[in-house]
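Q: Residue numbers are given in UniProt numbering: position 100 of the sequence shown equals residue 100, and the series is strictly consecutive. Glycine is no exception: its CB is placed at the ideal position from the N, C-alpha and C atoms. All of these numbers come straight from a predicted model, not from anything done at the bench.
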Amino acid sequence: MAAPGLDPSRFGPGLDPRTPARSPAGPFLPSSPPPDPSRLARRLGLTGALLMAIGALGGGALPVPNPLNGLRVLGLPARNATVSIAVVYAGMGMLVLAWLWIGRMLRARGAVAPAPDHGQLARTGLLWALPLAAAPPMFSKDVYSYLAQSAITARGLDPYALGPAQALGVDDPLTRTIPTIWRDTPAPYGPLFLALGRGITALTGDDVILGVIAHRALAVAGVALIIWALPRLAERCGLEPGLALWLGAANPLVLFHLVSGIHNEALMIGLMLAGLEIGLRSQRRGWVWGAVLITAGAAVKLPAILALGFLGMHLARRWGGRVRDVALAAAALTAIAVAVFAAFGFGTGLGFGWLGTLGTANVIRSWMSLSTDLGQLSGQIGILAGLGDHTDSVLTLTRGLGGLAAALLCGLLLLATLRGRVEPVTGLGAGLGAVVLLGPVVHPWYLLWAAIPLAATRGLPRYRRVALAASAVLALMVPPTGADFAFRAYQLPMSIVAGVVVLGAAVLMVRRRLRAEADAVLPASDTGPAPG
Numbered sequence: 001m002a003a004p005g006l007d008p009s010r011f012g013p014g015l016d017p018r019t020p021a022r023s024p025a026g027p028f029l030p031s032s033p034p035p036d037p038s039r040l041a042r043r044l045g046l047t048g049a050l051l052m053a054i055g056a057l058g059g060g061a062l063p064v065p066n067p068l069n070g071l072r073v074l075g076l077p078a079r080n081a082t083v084s085i086a087v088v089y090a091g092m093g094m095l096v097l098a099w100l101w102i103g104r105m106l107r108a109r110g111a112v113a114p115a116p117d118h119g120q121l122a123r124t125g126l127l128w129a130l131p132l133a134a135a136p137p138m139f140s141k142d143v144y145s146y147l148a149q150s151a152i153t154a155r156g157l158d159p160y161a162l163g164p165a166q167a168l169g170v171d172d173p174l175t176r177t178i179p180t181i182w183r184d185t186p187a188p189y190g191p192l193f194l195a196l197g198r199g200i201t202a203l204t205g206d207d208v209i210l211g212v213i214a215h216r217a218l219a220v221a222g223v224a225l226i227i228w229a230l231p232r233l234a235e236r237c238g239l240e241p242g243l244a245l246w247l248g249a250a251n252p253l254v255l256f257h258l259v260s261g262i263h264n265e266a267l268m269i270g271l272m273l274a275g276l277e278i279g280l281r282s283q284r285r286g287w288v289w290g291a292v293l294i295t296a297g298a299a300v301k302l303p304a305i306l307a308l309g310f311l312g313m314h315l316a317r318r319w320g321g322r323v324r325d326v327a328l329a330a331a332a333l334t335a336i337a338v339a340v341f342a343a344f345g346f347g348t349g350l351g352f353g354w355l356g357t358l359g360t361a362n363v364i365r366s367w368m369s370l371s372t373d374l375g376q377l378s379g380q381i382g383i384l385a386g387l388g389d390h391t392d393s394v395l396t397l398t399r400g401l402g403g404l405a406a407a408l409l410c411g412l413l414l415l416a417t418l419r420g421r422v423e424p425v426t427g428l429g430a431g432l433g434a435v436v437l438l439g440p441v442v443h444p445w446y447l448l449w450a451a452i453p454l455a456a457t458r459g460l461p462r463y464r465r466v467a468l469a470a471s472a473v474l475a476l477m478v479p480p481t482g483a484d485f486a487f488r489a490y491q492l493p494m495s496i497v498a499g500v501v502v503l504g505a506a507v508l509m510v511r512r513r514l515r516a517e518a519d520a521v522l523p524a525s526d527t528g529p530a531p532g
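1) Buried or exposed: G411, going by 16 or more other Cβ atoms within 10 Å of its Cβ?
2) Around the C-beta of I181, are 16 or more other C-beta atoms found within 10 angstroms, so that it is buried, or is it exposed?
3) Taking C-alpha atoms, which residue in L437, A134, I178, G402 lies nearest to A219?
4) Could you say if the region 327-341 and the region 308-317 meet the contact criterion of at least three C-beta pairs nearer than 8 angstroms?
5) Please classify D184 as buried or exposed, where buried requires at least 16 neighbouring CB atoms within 10 angstroms.
6) Taking C-alpha atoms, which residue in A86, R281, I226 lies nearest to L476?
7) Mind reading off the beta-carbon distance from L258 to A266? Whole number of angstroms is fine, and I expect it under 8 angstroms.
8) By DSSP, does M477 sit in helix, in strand, or in coil?
9) Assuming L253 contacts P444 (C-beta within less than 8 angstroms), just tell me the rounded distance between them.
10) Report all residues from its chain with a CB closer than 7 angstroms to the CB of M272; omit the five preceding and five following residues, and keep chain order.
11) Excluding the 5 residues preceding and the 5 following P159 in the sequence, name in chain order all residues of the same chain whose CB lies nearer than 7 angstroms to its CB.
12) On the DSSP letters alone, give me the boundaries of the alpha helix (DSSP H) that G48 sits inside.
13) Do you know how far the Cα of T82 is from the Cα of L492?
14) Could you pull out every residue in the same chain whose Cβ sits closer than 8 angstroms to the Cβ of L468, ignoring the five residues on either side in sequence?
15) What is the DSSP secondary structure of S145, reduced to helix, strand or coil?
16) How about L358 and L438: do their beta carbons lie closer than 8 angstroms?
17) Going by DSSP in three states, R104 sits in which element: helix, strand or coil?
18) Should L126 be labelled buried (16 or more other beta-carbon atoms within 10 Å of its own) or exposed?
19) Using the rule of at least 16 other Cβ atoms within 10 Å of the residue's Cβ for burial, across every protein chain shown, is D142 buried or exposed?
20) What first and last residue would you give for the alpha helix (DSSP H) that runs through F424?
21) Output the boundary residues of the alpha helix (DSSP H) element that contains H263.
22) Using only alpha-carbon positions, find the residue among A416, L413, Q376, G386 that is nearest to F397.
23) Would you report the Cα separation of M138 and L147, rounded to the nearest angstrom?
24) I need the straight-line Cα distance from S371 to G420, nearest angstrom please.
25) Could you tell me the alpha carbon to alpha carbon distance between R458 and L157, rounded to whole angstroms?
26) State the Cα-Cα distance for the pair A244 and A455, rounded to the nearest angstrom.
27) Could you compute how far the alpha carbon of A229 sits from the alpha carbon of P241?
28) Can you look up M138 in the DSSP assignment and give me helix, strand or coil?
29) Using 8 angstroms for Cβ pairs, my map puts T124 next to P116. What's the rounded Cβ distance?
30) Evaluate T204 with the Cβ neighbour count: other Cβ atoms within 10 Å of its Cβ, from every protein chain shown; 16 or more gives buried, anything less gives exposed.
31) From A98, V292, R285, pick the residue whose C-alpha is nearest to that of G275; which is it?
32) How far does the alpha helix (DSSP H) with H314 in it extend, from its first residue to its last?
33) Using alpha carbons as the reference points, say which of T334, G347, R318 lies closest to R281.
34) Could you check how far apart the C-beta atoms of A416 and V425 are, in whole angstroms? I think they sit under 8 angstroms.
35) Spatial neighbours of R232 within its chain, please: C-beta separation below 7 angstroms, excluding the five flanking residues on both sides.
Here is the structure:
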């Protein structure tokens, strides 16, 4: 007989509320949700970002003098740089592993584990970026050069003729933190970036902390443009937007060097991709505004101008693909570029002196540059052969040949785009990759010029695996202090070993949690017969 007040028919057949609930795993077992590795991966990455933010208080690219010195709590990490760097390295390892883990889920399309959806990916990337955006700079001290060059511009001096030490003085608070090699070099950046920097100086004055915060806001704005453009370009190229966003915008190189390191590549790439997306649309005059945005990106750093070539080939193909169509597209885009550059040059009062300082970074010999490596190797062979040290002359030759090879590859990619064999986004990414790898100087964040556009295309499917591995390795290769380690010989190994120990402990905890969640949904046959 049914209990008073309970009518089993109200619940349908087999749904009597007096019957114990049966778990899908077996009779009379409490139901448990299946293990969610993606949740653990997202939390692992967030934990890593938080550790990096804490360690940055003592192991980041801090200004000189350190404003945290003397503070009771925030000043503690700065008192032991070895421990702080170890914490940063542990956090870096956690974030990179979590990124690779989620990337594996996305590439497997649920075959390995349920992959997070587009909304979860967006929230995860934002949560990982927030601690880094609130922490002191890491991995580079370029932001202090930005501050000094902006102050030079604000004082009415020529940043393309004077370095920070000459214009501001060696003891100026904006000069002290700049690495010695860059204190006497003029600015290699375009007039748009320095004009924005002049506005920042007008707001922050000589306050280094406020200036860093303002420049980080500018870099985050560039990352926001990347986040806006990348999934749209991916849909245009037939790629799942979530995967493109994860590989491009949530890439550890982006988080470490654009958000934390505050490089102006963020603004350059953001304007370039936004301009390309708008230019590729079918609206009648959309390509005009796209060309304006791309040129604005080039007025931050010149390599963005290559996107105009691929936009032009796309337009010429749309207009018929004939020689006169190519000439018409080239003439129209050139006119727009000249007009925009003239507006920035004359409007800001900075002129065009930046075109003569583009080779400022060539004073260093980058081991990641193929042309520089070839020149270095040839010079050493000459020394061993008793021909003398002609490394500088050989470097000039190999770097020149590298530039010619990059130009040739870009020309072939432009021609392939005109014929429809290569998508404009794929061509741009591959072309910028050639410019970077064959250029005279390569920094890890330079690779984002190519990696972010290529993240939105299906044209190079094998590229994604290489990009995952390369991004993970290169993200761990730049010290968080933004300079060579100036510690005793034993301190760096101690920092790395301590970081590896913390990282290993975190990985073991994650594995134990996954096993515990898996055991909670074992079938009843593994747990013995039900009682009664």
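A: Once the coordinates are examined:
1) exposed
2) Residue environment: I181 is assigned as exposed (fewer than 16 neighbouring CB atoms within 10 Å of its CB, all protein chains considered).
3) It is A134.
4) Cβ pair count under 8 angstroms is three or more, so yes.
5) exposed
6) A86
7) 4 angstroms
8) coil
9) 6 angstroms
10) I294, G297, A304, A307, listed in sequence order.
11) Q149, I152, T153, P186, A187, L194
12) 37-59
13) Low per-residue confidence applies at L492: pLDDT is 49, beneath 50, and the placement is therefore not dependable, though the value from the model is reported in the following sentence. So the alpha carbons of these two residues sit roughly 7 angstroms apart.
14) Counting only Cβ-Cβ distances below 8 angstroms, and skipping sequence neighbours, we find L100, G103, L247.
15) helix
16) no
17) helix
18) exposed
19) buried
20) According to the sequence shown, residue 424 is Pro rather than Phe. Start and end: 424-437.
21) It is not in any alpha helix (DSSP H) - H263 carries neither H nor E in the DSSP assignment.
22) The residue asked about is misnamed: residue 397 is Leu in this sequence, not Phe. For L397, the nearest C-alpha among the options comes from Q376.
23) M138 and L147 have their C-alpha atoms spaced approximately 16 angstroms apart.
24) 31 angstroms
25) 47 angstroms
26) 5 angstroms
27) Distance between the alpha carbons of A229 and P241: 10 angstroms.
28) coil
29) 7 angstroms
30) buried
31) V292
32) Taken as a continuous stretch (DSSP letters only), the alpha helix (DSSP H) holding H314 covers 306-319.
33) R318
34) Not really, about 13 angstroms apart at Cβ, beyond 8 angstroms.
35) E277
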